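Student: Got a structure for you, written out below as C-alpha coordinates; questions coming shortly.
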Amino acid sequence: MRLPVDDEIYTVNAVWLGPPGKTLPFRARYVAYGVAAAVFVLVQMVERRLGIGFGFFALAYSLLLTVGVTKLILRVVDHDRPVGAVLKGLANEVGAPRATTRVTTATIRPARVRAVPAPPGRTRPHGRHSAGAAPGDIR
27 MRLPVDDEIY
37 TVNAVWLGPP
47 GKTLPFRARY
57 VAYGVAAAVF
67 VLVQMVERRL
77 GIGFGFFALA
87 YSLLLTVGVT
97 KLILRVVDHD
107 RPVGAVLKGL
117 ANEVGAPRAT
127 TRVTTATIRP
137 ARVRAVPAPP
147 GRTRPHGRHS
157 AGAAPGDIR
(Lines of atoms letter the chains of each structure in order from A and count residues from 1; the text may use other names and numbers.)
(Lines give C-alpha, C1' and ligand atoms only; values in the text may rest on other atoms or scores of the structure.)
Protein backbone atom coordinates (compact mmCIF):
# COMPACT_ATOMS: atom_id res chain seq x y z
CA MET A 1 0.00 0.00 0.00
CA ARG A 2 1.33 3.41 -0.92
CA LEU A 3 0.70 6.33 1.35
CA PRO A 4 0.41 9.84 -0.05
CA VAL A 5 3.33 12.18 0.47
CA ASP A 6 2.76 14.62 3.31
CA ASP A 7 5.11 17.24 1.89
CA GLU A 8 3.11 19.82 -0.03
CA ILE A 9 6.12 20.96 -2.02
CA TYR A 10 6.18 17.70 -3.99
CA THR A 11 2.59 18.09 -5.17
CA VAL A 12 3.62 21.08 -7.31
CA ASN A 13 4.83 20.23 -10.81
CA ALA A 14 7.67 22.28 -12.19
CA VAL A 15 6.01 23.34 -15.45
CA TRP A 16 6.29 26.41 -17.62
CA LEU A 17 2.96 28.17 -17.82
CA GLY A 18 4.14 30.97 -20.08
CA PRO A 19 3.05 34.58 -20.11
CA PRO A 20 -0.57 35.32 -19.20
CA GLY A 21 -2.88 34.44 -22.10
CA LYS A 22 -0.04 32.85 -24.11
CA THR A 23 0.29 29.46 -22.40
CA LEU A 24 1.15 26.27 -24.23
CA PRO A 25 -1.72 23.92 -25.16
CA PHE A 26 -0.17 21.20 -22.98
CA ARG A 27 1.46 20.90 -19.57
CA ALA A 28 4.92 19.41 -19.44
CA ARG A 29 7.53 19.30 -16.71
CA TYR A 30 10.88 20.92 -17.39
CA VAL A 31 12.60 17.56 -17.51
CA ALA A 32 10.24 16.49 -20.32
CA TYR A 33 11.69 19.06 -22.69
CA GLY A 34 15.23 17.78 -22.22
CA VAL A 35 14.23 14.13 -22.49
CA ALA A 36 12.13 14.85 -25.59
CA ALA A 37 15.01 16.69 -27.26
CA ALA A 38 17.40 13.80 -26.62
CA VAL A 39 14.86 11.22 -27.81
CA PHE A 40 14.11 13.27 -30.95
CA VAL A 41 17.80 13.47 -31.86
CA LEU A 42 18.18 9.70 -31.33
CA VAL A 43 15.10 8.97 -33.46
CA GLN A 44 16.44 11.20 -36.23
CA MET A 45 19.81 9.43 -36.11
CA VAL A 46 18.13 6.02 -36.37
CA GLU A 47 15.96 7.19 -39.27
CA ARG A 48 18.98 8.44 -41.19
CA ARG A 49 20.86 5.18 -40.58
CA LEU A 50 17.85 3.26 -41.91
CA GLY A 51 17.84 5.41 -45.05
CA ILE A 52 14.58 7.23 -44.33
CA GLY A 53 14.66 10.66 -45.94
CA PHE A 54 13.77 13.94 -44.27
CA GLY A 55 10.19 14.69 -45.28
CA PHE A 56 6.88 15.76 -43.81
CA PHE A 57 5.62 12.27 -42.92
CA ALA A 58 8.98 11.12 -41.60
CA LEU A 59 9.11 14.19 -39.36
CA ALA A 60 5.49 13.71 -38.23
CA TYR A 61 6.07 10.05 -37.35
CA SER A 62 9.29 10.84 -35.54
CA LEU A 63 7.50 13.53 -33.50
CA LEU A 64 4.77 11.04 -32.56
CA LEU A 65 7.38 8.45 -31.65
CA THR A 66 9.26 11.06 -29.59
CA VAL A 67 6.12 11.95 -27.63
CA GLY A 68 5.35 8.28 -26.94
CA VAL A 69 8.88 7.37 -25.84
CA THR A 70 9.11 10.51 -23.71
CA LYS A 71 5.88 9.59 -21.94
CA LEU A 72 7.17 6.07 -21.32
CA ILE A 73 10.42 7.37 -19.87
CA LEU A 74 8.74 9.98 -17.68
CA ARG A 75 6.38 7.42 -16.14
CA VAL A 76 9.29 6.23 -14.01
CA VAL A 77 10.83 9.67 -13.41
CA ASP A 78 9.66 11.69 -10.42
CA HIS A 79 11.18 13.79 -7.66
CA ASP A 80 12.45 10.67 -5.84
CA ARG A 81 13.92 9.07 -8.98
CA PRO A 82 15.49 11.62 -11.35
CA VAL A 83 16.42 10.94 -14.98
CA GLY A 84 20.08 10.38 -14.11
CA ALA A 85 19.21 7.64 -11.63
CA VAL A 86 16.92 5.94 -14.15
CA LEU A 87 19.63 6.03 -16.84
CA LYS A 88 22.24 4.73 -14.39
CA GLY A 89 19.92 1.90 -13.35
CA LEU A 90 19.32 1.02 -17.00
CA ALA A 91 23.07 1.00 -17.70
CA ASN A 92 23.66 -1.22 -14.65
CA GLU A 93 20.96 -3.67 -15.75
CA VAL A 94 22.23 -3.87 -19.31
CA GLY A 95 25.89 -4.15 -18.33
CA ALA A 96 25.48 -6.59 -15.44
CA PRO A 97 27.31 -9.91 -15.76
CA ARG A 98 25.03 -12.78 -16.66
CA ALA A 99 25.42 -16.51 -16.24
CA THR A 100 26.36 -18.23 -19.46
CA THR A 101 23.41 -20.04 -20.95
CA ARG A 102 25.23 -21.47 -23.96
CA VAL A 103 24.72 -25.21 -24.21
CA THR A 104 27.80 -27.21 -25.01
CA THR A 105 27.35 -30.48 -26.83
CA ALA A 106 29.76 -33.36 -27.09
CA THR A 107 29.69 -36.44 -29.27
CA ILE A 108 31.08 -39.67 -27.88
CA ARG A 109 32.05 -42.26 -30.48
CA PRO A 110 32.00 -45.78 -29.03
CA ALA A 111 34.90 -46.88 -31.26
CA ARG A 112 37.23 -44.45 -29.49
CA VAL A 113 36.25 -45.31 -25.89
CA ARG A 114 38.68 -47.65 -24.07
CA ALA A 115 37.57 -49.90 -21.25
CA VAL A 116 40.02 -49.66 -18.35
CA PRO A 117 39.82 -52.39 -15.70
CA ALA A 118 39.24 -51.15 -12.16
CA PRO A 119 42.09 -51.68 -9.70
CA PRO A 120 41.50 -54.53 -7.23
CA GLY A 121 39.86 -53.66 -3.91
CA ARG A 122 37.63 -50.86 -5.18
CA THR A 123 33.88 -50.91 -5.46
CA ARG A 124 32.31 -51.16 -8.81
CA PRO A 125 30.04 -48.41 -10.01
CA HIS A 126 26.58 -48.24 -8.46
CA GLY A 127 27.77 -50.28 -5.41
CA ARG A 128 26.91 -53.68 -6.90
CA HIS A 129 29.35 -55.57 -4.70
CA SER A 130 32.18 -54.74 -2.37
CA ALA A 131 35.83 -55.74 -2.68
CA GLY A 132 35.51 -58.82 -0.46
CA ALA A 133 32.44 -60.32 -2.13
CA ALA A 134 32.46 -62.60 -5.10
CA PRO A 135 30.70 -61.41 -8.23
CA GLY A 136 27.84 -63.91 -7.82
CA ASP A 137 27.10 -63.12 -4.12
CA ILE A 138 23.91 -61.27 -3.24
CA ARG A 139 23.67 -59.35 0.00
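Residue 102 in this note's numbering sits at position 76 of the sequence shown; the count goes up by one each step and never skips.
Backbone N, C-alpha and C fix where the C-beta goes; we use that ideal spot for every residue, glycine too.
No experiment lies behind these values; they were computed from the predicted model shown.
Check whether the Cβ atoms of alanine 58 and threonine 96 lie closer than 8 Å to each other.
Tutor: Along the sequence shown, read from residue 1 onward, the residue named residue 58 stands at position 32. Along the sequence shown, read from residue 1 onward, the residue named residue 96 stands at position 70. It is a contact, given that the beta carbons lie within the stated cut-off.
Student: For alanine 62, count neighbouring Cβ atoms within 10 angstroms of its own Cβ and tell me buried if that reaches 16, exposed if not.
Tutor: As a working mapping, residue 62 is identified with position 36 in the sequence shown. The residue in question, alanine 62, is buried, as its Cβ has 16 or more Cβ neighbours within 10 Å.
Student: Just mark valine 65 as buried or exposed, buried being the case when its beta carbon has 16 or more other beta carbons within 10 Å.
Tutor: Numbered from 1 along the sequence shown, position 39 holds the residue referred to as residue 65. The residue in question, valine 65, is buried, as its Cβ has 16 or more Cβ neighbours within 10 Å.
Student: Could you check where the alpha helix (DSSP H) with threonine 92 kicks off and where it finishes?
Tutor: Position 66 of the sequence shown, counted from the first residue, corresponds to residue 92. Threonine 92 -> alpha helix (DSSP H) spans 82-100.
Student: Beta-carbon separation of isoleucine 78 and alanine 86 under 8 Å?
Tutor: In the sequence shown, the residue the question calls residue 78 occupies position 52. In the sequence shown, the residue the question calls residue 86 occupies position 60. Contact flag unset, no.
Student: Hey, out of Phe82, Gly60, Ser88, whose CA is closest to methionine 71's CA?
Tutor: The sequence position of residue 71 within the sequence shown is 45, counting from 1. Per the Cα distances, Ser88.
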